[in-house]
Structures are given as C-alpha cells and as structure tokens.
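Read through the structure below, which is laid out as structure tokens, and then see the notes.
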Amino acid sequence: MTKQRREWLIGATELTLLIVVVGLNIWWMVYRYGGETYYVQAGKTLNSYDVSLPTGVKSTGHTYLGLGINRHGAKRQIKFKTDAVAPAPFSKSKLVKVTVNTHFGVTNYEPVKNMKHLPVSVRNQLVS
Numbered sequence: 052m053t054k055q056r057r058e059w060l061i062g063a064t065e066l067t068l069l070i071v072v073v074g075l076n077i078w079w080m081v082y083r084y085g086g087e088t089y090y091v092q093a094g095k096t097l098n099s100y101d102v103s104l105p106t107g108v109k110s111t112g113h114t115y116l117g118l119g120i121n122r123h124g125a126k127r128q129i130k131f132k133t134d135a136v137a138p139a140p141f142s143k144s145k146l147v148k149v150t151v152n153t154h155f156g157v158t159n160y161e162p163v164k165n166m167k168h169l170p171v172s173v174r175n176q177l178v179s
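Numbering (my numbering), first residue to last: 52 to 179.
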C-alpha cells in the first residue's frame, strides 16, 4: 500500500467516524429531549419539595397539573415539576410551554412570554 493511499484511507476513516458520532449525538438529543409541545396554564400547586440551586442555596420546587393543548388543538393532562433552573412558582394564569417526550415524560418547560407567538389553534382555545 502506498503512502498516499494509506493517508487517504486514514482520512476517509476519520471522516466516517466523525459522521457516525455526530449522527448518534443528534439521534440521542432528539430521542432524549425531543417531543410534542403543549401549552399548559399553570394552576394550583399540587405539592412543594426542596431544590438545591447550583449556588448551594436551598429553594422550593413545585409540581403542577394542568390541561395542555398542542399546536393541533389536541388536549392532554400534563403533570410537571419545576427544577433548579426555574424553581419559583408560576402564577395561576401563567401559560407554560412544556415538551413531553414519549420515553422520558416532561423534558423541558418555560413560561410563555409573548402570547403572539402561540399557534393559532392554541390561542383560539385559550380565548374560548
């Protein structure tokens, strides 16, 4: 095997491994953190529990249960817990965007800041 051929083979192997690693990483992120997005109006807190913030300060996390609406207008009961990233309680009428993964449950939540960015079907059902 010539030196030029060996260098080409090594480069092709490295490129193939890089593509495989990046592909597996993307697959894992979608599998673990992807899911259907629902919009839930935070209702009454079901319970509270202690949360340790990254600064070492203790705080209180909260569990919520509410009716979620996805962009197609389908409804589903969703239960989610706040974590150390945003442990503070939501007001009763606060709208929260929640990602529900079929394998891992709720993987992400964030308060909705601007109602204009909601899907039309969600906005229509919230108004009525």
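All C-beta atoms, glycine included, are put in the ideal place defined by N, C-alpha and C. These numbers come from a predicted model, not from an experiment.
- Looking at the DSSP output, Lys130 shares a beta bridge with Leu116.
- Shown here for Tyr89: same chain residues with a beta carbon closer than 7 Å to its own, the five before and five after excluded, namely Gly119, Ile120, Asn121, Arg127, Ile129, Val149, Val151 in chain order.
- Beta-bridge annotation (DSSP): Pro140 is not paired with any residue.
- The beta-carbon separation of Val157 and Asp134, rounded to 10 Å, does not stay under the 8 Å limit for a contact.
- Take the alpha-carbon of Lys167 and the one of Gln176: they are about 14 Å apart.
- Collapsing the DSSP output to three states places Leu97 in a strand.
- The Cβ atoms of Phe141 and Val147 lie closer than 8 Å to each other.
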